[in-house]
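Encoded as structure tokens, the structure appears first; notes follow it.
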Amino acid sequence: MNIVVCVKQIPDPANPGALDPGTNTLKREGKLILDESDSYGVEMALQLVDKAGGGEVALVSMAPNGEVSGLRTALAMGAARGVLVSDPSLQGSDALTTAKILAAAAQRLGSADLIIAATESSDGYTGTVPEQMAEVLGLPSVTFAKKVEITGGILKAQRQTDAGFDDVECPLPLVLSVTAGVVEPRYPSFKGIMAAKSKPVETVTAADLGVAGVGWAGAGQKIVSVVAAEARGAGEVVEDDGEGFAKIVSFLENLKVI
Amino acid sequence: MNIWVYAEITDGAPTTGTLELLTKARSLGTVAAFVAGDVGNAAAALGAHGAATVLATGDLAGRLPGPAVSAAMQALIAGGNAPDLIMMPMTYGARDIASRLSVKLDKTVLTNNVEISTDGSVNVTTPVFGGNVMVTTTFTGTGPHIAMFRPKSFVAEAGGAGAGTVIAVAVPDADATGAARVTAVHVEESSGPKLDEAAIVVSGGRGLGEAAKYEMIESLAKILKGAPAASRAIVDAGWVPYSYQVGQTGKVVKPSVYIACGISGATQHMVGMKGAKNIIAINKDKEAPIFGIADLGIVGDVHKVLPKLIEALKARG
Ligand SMILES: Cc1cc2nc3c(=O)[nH]c(=O)nc-3n(C[C@H](O)[C@H](O)[C@H](O)COP(=O)(O)OP(=O)(O)OC[C@H]3O[C@@H](n4cnc5c(N)ncnc54)[C@H](O)[C@@H]3O)c2cc1C
Ligand SMILES: Nc1ncnc2c1ncn2[C@@H]1O[C@H](COP(=O)(O)O)[C@@H](O)[C@H]1O
Chain A
30 MNIVVCVKQI PDPANPGALD PGTNTLKREG KLILDESDSY GVEMALQLVD
80 KAGGGEVALV SMAPNGEVSG LRTALAMGAA RGVLVSDPSL QGSDALTTAK
130 ILAAAAQRLG SADLIIAATE SSDGYTGTVP EQMAEVLGLP SVTFAKKVEI
180 TGGILKAQRQ TDAGFDDVEC PLPLVLSVTA GVVEPRYPSF KGIMAAKSKP
230 VETVTAADLG VAGVGWAGAG QKIVSVVAAE ARGAGEVVED DGEGFAKIVS
280 FLENLKVI
Chain B
339 MNIWVYAEIT DGAPTTGTLE LLTKARSLGT VAAFVAGDVG NAAAALGAHG
389 AATVLATGDL AGRLPGPAVS AAMQALIAGG NAPDLIMMPM TYGARDIASR
439 LSVKLDKTVL TNNVEISTDG SVNVTTPVFG GNVMVTTTFT GTGPHIAMFR
489 PKSFVAEAGG AGAGTVIAVA VPDADATGAA RVTAVHVEES SGPKLDEAAI
539 VVSGGRGLGE AAKYEMIESL AKILKGAPAA SRAIVDAGWV PYSYQVGQTG
589 KVVKPSVYIA CGISGATQHM VGMKGAKNII AINKDKEAPI FGIADLGIVG
639 DVHKVLPKLI EALKARG
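Protein chains in written order, with this note's numbering: chain A, 30 to 287; chain B, 339 to 655.
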């Protein structure tokens, strides 16, 4: 079983980013980390390869400035190798271009039985990249999966829906998007972290992958305005002294909802 | 301008999100609703909200909507019936359709929008940083432009028009992309008012400590005749179904009262509830971001405050 996992490297959400006033895009500065949303895909891939009794987990990522620290985290968890697409011409790319790039990078790794992504990234959250990749690759997909198993070349999953969930079946190969919480991601061990330092990561450009029309020029969109929304202010904040509940009761009384 | 609105139908009626988009669309141009499945009696409601025509694929027979519906749309477009704009609700099914279609047409898709305007070009607005900043993006290049919208972005309002004319749309033979099949559908039962329509929403988060304590949220919601809800943290943990989730990747609620219990107030949660008229928060950490938008904040332990609150409200009868 060979599995490719998409891992996005993002600014640490603990230091929320800002929009670059010059280009109106999210500033991506400083060290990037593995998007937590993708740690579930990495874990799921490792477990599926383990159950299949052989194969490898490989990674694809697109990030500026040859950034690999997030990739190293996924390698430390147990992935074998990766392709990083890093190229200044990719700046300003839309989700569609990202999907074309990731699809080409996945193909560069050889034929995979399964390609895993998260349902949406933490920083961009367009939520379209996995299904766009599937279409670029001409593959079927199972999206929003919250439980997954593979037997006899068929993937069975519970696909989250607005009303509950559907049982879905699909023959491999396919693209799978997984929700957070689908598995419990492992922490990299010290041994894993050391081993990750020497695992191969190939860095390529859009041209190496044969994908043209990337970046600002290829994006079918342009930001025209960025404005602050009306802020909602804080009201009264009180410490509970055992009578906090009574504050809530009188608040609800004033609103005449009780 | 010709507009398609991707219309979702559950239990024979268009979803509220669908009616919201139709209402907005009819102020922008001539509208067709695109239905994946059988229209049944829904043509009247679709028409009243703005759909002059209803394009319908008929039952998808267990196929997932992404590959099947995008192929049907592409075939219509290739046949010379391209709309200028395709508006879709930000649901899972529609996300897959929009994604596949964007590749088929080689067009960008803009998601998570809450507003749209047209002035020769089509501009859509999305909130970022928890709704503190609004970013407006314009589509460059030619249509059809594909845009997705968060629930509650517009107000659904019926106009005077009659039922839309239903036109059957063929779904092309599925290629390899359509290999997935739905083998069973599970609907989570719920009672009381629907979460996105309830006047009072009582929401629980990780601060409840364990799944069993969610019962406090349910009892409080029941006493207040409201709907129980949740942060994503406890949905991911499997305490409650996804249909309870409020936020960026869940429901958008605008009740008259939202009571957040043991919820920190992450930006992704706040975009789903900051439209509430009144917000009450209970959190033991006085630095929790939720207090920044709460009208009444109680710094305290949910395990102490909630039982007393439930008891006091019960005592009032
Ligand atoms: C792409 C993306 C999309 C997301 N979409 C959503 C979404 O749609 N909805 C959503 O909710 N989240 C969403 N999230 C997750 C979000 O970032 C937060 O992780 C989540 O909202 C946190 O849930 P929480 O507040 O329950 O948990 P926590 O952040 O862990 O907060 C728990 C709170 O409980 C308090 N607490 C602990 N014990 C007690 C006690 N005994 N009494 C009172 N208070 C107590 C703590 O002080 C803390 O503030 C998304 C994240 C990403 C990356
Ligand atoms: N630049 C990227 N590098 C690697 N994976 C990505 C990238 N962008 C998106 N993805 C994958 O696609 C998922 C959905 O992304 P998005 O459509 O941006 O919400 C992410 O969670 C990743 O799994």
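Just so you know, even glycine gets a beta-carbon here, dropped at the ideal spot from N, CA and C.
Partners in chain B for residue i, counting only beta-carbon separations shorter than 8 Å
i                      : result
residue 250 of chain A : 446, 448, 475, 476, 477, 478
residue 213 of chain A : Going along chain B, no residue has its Cβ under 8 Å from residue 213 of chain A, so there is no contact; the nearest lies around 10 Å.
residue 287 of chain A : 562, 651, 654
residue 160 of chain A : 404, 433, 434, 437, 438
residue 71 of chain A  : Chain B residues near residue 71 of chain A: none, gap ~16 Å exceeds 8 Å.
residue 123 of chain A : 446
residue 253 of chain A : 461, 474, 475, 476
Option in the options with minimal Cα separation from residue i
i                      : options                    : result
residue 602 of chain B : B/590, B/621, B/383        : B/621
residue 94 of chain A  : A/85, A/161, A/118         : A/118
residue 218 of chain A : A/106, A/197, A/167, A/77  : A/106
residue 459 of chain B : B/543, B/476, B/465        : B/476
residue 66 of chain A  : A/146, A/266, A/242        : A/146
residue 195 of chain A : B/523, B/511, B/505        : B/523
residue 266 of chain A : B/364, B/396, B/624        : B/624
residue 178 of chain A : A/161, A/201, A/191        : A/201
residue 142 of chain A : A/73, A/154, A/32, A/285   : A/32
residue 169 of chain A : B/503, B/491, B/520        : B/520
residue 175 of chain A : A/213, A/247, A/182        : A/213
residue 34 of chain A  : A/190, A/51, A/53, A/78    : A/78
residue 558 of chain B : A/274, A/243, A/264, A/248 : A/274
residue 151 of chain A : A/62, A/285, A/241         : A/62
residue 555 of chain B : B/564, B/540, B/545        : B/540
residue 537 of chain B : A/74, A/246, A/281, A/98   : A/281
residue 262 of chain A : B/402, B/612, B/500, B/650 : B/612
residue 593 of chain B : B/604, B/350, B/535, B/562 : B/535
residue 369 of chain B : B/441, B/576, B/420        : B/420
residue 533 of chain B : B/517, B/374, B/382, B/584 : B/584
residue 97 of chain A  : A/242, A/227, A/208, A/236 : A/227
residue 203 of chain A : A/183, A/187, A/220        : A/183
residue 484 of chain B : B/609, B/432, B/393        : B/432
residue 44 of chain A  : B/654, B/605, B/638, B/631 : B/605
residue 469 of chain B : B/608, B/543, B/381, B/454 : B/608
Residues that residue i contacts on chain B, provided the C-beta gap is smaller than 7 Å
i                      : result
residue 216 of chain A : Correct list: empty, because the minimum Cβ distance to chain B is about 18 Å.
residue 156 of chain A : 433, 449
residue 205 of chain A : The premise fails here: residue 205 of chain A is roughly 10 Å from chain B at the closest Cβ pair, so nothing lies under 7 Å.
residue 179 of chain A : Neighbours of residue 179 of chain A on chain B: none; closest Cβ ~14 Å, over 7 Å.
residue 167 of chain A : 514, 515
residue 171 of chain A : 518
residue 190 of chain A : 430
For residue i, the residue or residues it bridges with in DSSP
i                      : result
residue 88 of chain A  : A/34, A/111
residue 39 of chain A  : A/62
residue 353 of chain B : Paired residues: none, contrary to the question.
residue 487 of chain B : B/427, B/451
residue 174 of chain A : A/188, A/207
residue 467 of chain B : Answer by DSSP bridge pairing: none, since residue 467 of chain B is not bridged.
residue 196 of chain A : A/187, B/522
residue 344 of chain B : B/372
residue 477 of chain B : A/250
Contacts that residue i makes with chain A (C-beta to C-beta distance below 8 Å)
i                      : result
residue 576 of chain B : 210
residue 397 of chain B : Per Cβ cutoff of 8 Å: no residues; residue 397 of chain B is ~15 Å from chain A at best.
residue 522 of chain B : 195, 196
Where residue i meets chain A, residues with beta-carbon distance less than 7 Å
i                      : result
residue 629 of chain B : 263, 266
residue 633 of chain B : 264
residue 646 of chain B : 274
residue 472 of chain B : 256, 258
residue 587 of chain B : 149
residue 538 of chain B : 286
Cross-chain neighbours of residue i in chain B, by beta carbon under 9 Å
i                      : result
residue 238 of chain A : In chain order: nothing, as chain B lies at least about 16 Å away.
residue 199 of chain A : 402, 517, 518, 519
residue 280 of chain A : 595, 616, 618, 633, 634
Proximal residues of chain A, C-beta to C-beta of residue i below 9 Å
i                      : result
residue 642 of chain B : 269, 271, 273, 274
Any residue whose CB is nearer than 5 Å to a heavy atom belonging to ligand 1, listed in chain order | Checking every Cβ against the heavy atoms of ligand 1 under 5 Å gives A/149, A/151, A/154, B/543, B/544, B/545, B/569, B/570, B/571, B/585, B/586, B/587, B/588, B/600, B/601, B/602, B/604, B/606, B/607, B/621, B/622, B/623, B/626, B/639, B/640.
Secondary structure, alpha helix (DSSP H): runs of 4+ residues fully inside the stretch 374 to 412 of chain B = Counting only runs that start and end inside the stretch 374 to 412 of chain B, the alpha helix (DSSP H) elements of at least 4 residues fall at 381 to 386.
Whole alpha helix (DSSP H) runs in the stretch 576 to 624 of chain B with 4 or more residues, listed along the chain?
-> Taken in chain order, the complete alpha helix (DSSP H) segments of 4 or more residues contained in the stretch 576 to 624 of chain B are 605 to 608.
Minimum length 4: unbroken alpha helix (DSSP H) runs contained in the stretch 208 to 282 of chain A = Within the stretch 208 to 282 of chain A, the complete alpha helix (DSSP H) runs of at least 4 residues fall at 219 to 225, 235 to 238, 244 to 247.
Any chance you could list the beta strand (DSSP E) runs of at least 3 consecutive residues sitting entirely within the stretch 539 to 578 of chain B, in chain order?
-> When DSSP assignments are scanned along the stretch 539 to 578 of chain B, the uninterrupted stretches of beta strand (DSSP E) that are 3 or more residues long and fall wholly within it turn out to be 565 to 568.
Unbroken beta strand (DSSP E) runs of length 3 or more, entirely within the stretch 121 to 166 of chain A: which are they?
-> Those beta strand (DSSP E) runs which fall completely within the stretch 121 to 166 of chain A and span 3+ residues are 143 to 147.
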